[in-house]
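Q: Count along the sequence shown from 1, add 6, and you get the number used in this note's numbering. Just so it is clear, CB atoms sit at the ideal spot from N, CA and C, and this is done for glycine as well. Being a predicted model, the structure only gives us computed values, none of them experimental. Before anything else, here's the structure in question.
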Amino acid sequence: MVTIVDAPDGFSGKGFFATSFEHAIGLARKNSLWPLPFATSCCGIEFMATMGAHYDLARFGSERLSFSPRQSDLLMVMGTIAKKMTPILKEVYIQMAEPKWVLSVGACASSGGIFDTYSVLQGIDRIIPVDVYVPGCPPRPEQIISGILKIQDLVGNESLRRRNSQQYTDLLHTFNIE
Ligand code: SF4
């Protein structure tokens, strides 16, 4: 049973609300994501529509795209990833500063899609950790926005200490990332 107690003196009343440092940081981070669009094929076109005036990703604080891994915190992989490209994708992920998140957009990025062939990576989670998957071939802009909202939920609720945890280090080690 949860017992709600009264706020201590000085922490309630008009113009006040109490929160934690972690939640304040989470709120700032989730509403100012800087995506790096790693778009290789048709799903990338859907992303362009998502950035356009009609769907307007700017409403979610993510209009500042970055093509530099050092200045981005959300890697959006959209399209078919040929095996030849996997070292590049992995390098981009490694170069991104912590904390960082990964959104896999569409069937190709998530599972190889219709390209069940020797030359295509059968899902980017074979080389880097993925936080949210967006299904579809191609997903509509609404689905991409839904994926961003799910990422925002993760970002807003993530513990500030998660990236320093042994569990996170172990996760990276499973992908041979130091
Ligand atoms: S999932 Fe479909 S739309 Fe997206 S890149 Fe692959 S083939 Fe193209």
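I need the straight-line Cα distance from Cys49 to Ile31, nearest angstrom please.
A: Looking at the two C-alpha atoms, the distance is approximately 31 angstroms.
Q: Kindly list the residues whose CB is nearer than 8 angstroms to the CB of Val140, restricted to its own chain and excluding five residues on each side of it in sequence; keep chain order.
A: Excluding sequence neighbours, Val140 sits near Leu109, Ser110, Val111, Gly112, Ser116, Gln149, Ile150, Ser152, Gly153.
Q: So Leu177 and Pro135 are supposed to be a Cβ contact under 8 angstroms. How far apart are they, rounded?
A: The pair is a contact, with the Cβ atoms about 6 angstroms apart (cut-off 8 angstroms).
Q: Can you pull every residue whose C-beta falls closer than 5 angstroms to some heavy atom of ligand 1, listed in chain order?
A: Those residues are Ser47, Cys48, Cys49, Gly85, Gly112, Ala113, Cys114, Gly119, Cys143, Pro144, given in chain order.
Q: Using only the alpha-carbon positions, how far apart do Leu160 and His29 sit?
A: If I take the Cα positions, the gap works out to 12 angstroms.
Q: With a CB to CB cut of under 7 angstroms and the five nearest residues on each side skipped, what residues in its chain are close to Gly67?
A: Only Asn37, Ser38, Leu39 meet the Cβ criterion.
Q: Would the beta-carbon of Ile87 fall within 8 angstroms of that of Ile130?
A: Going by C-beta atoms, Ile87 is nearer than 8 angstroms to Ile130.
Q: Per DSSP, Trp40 forms a beta bridge with which residues?
A: Trp40 pairs with nothing; no bridge assigned.
Q: Could you tell me which residues DSSP puts in a beta bridge with Ala59?
A: Answer is none; Ala59 lacks a bridge partner.
Q: The beta strand (DSSP E) with Pro99 in it runs from where to where?
A: One detail in the question is off: residue 99 reads as Tyr in this sequence, not Pro. Taken as a continuous stretch (DSSP letters only), Tyr99 belongs to no beta strand (DSSP E), being part of the alpha helix (DSSP H) at 92–101.
Q: Got a sec: does ligand 2 put a non-hydrogen atom nearer than 7 angstroms to the Cβ of Gly19?
A: The model depicted lacks ligand 2 and carries ligand 1 instead.
Q: Put Met54 into one of helix, strand or coil per three-state DSSP.
A: Met54: helix per DSSP, three-state reduction.
Q: Following the continuous beta strand (DSSP E) through Leu81, name the residue where it begins and the one where it ends.
A: 80–84 is the extent of the beta strand (DSSP E) around Leu81.
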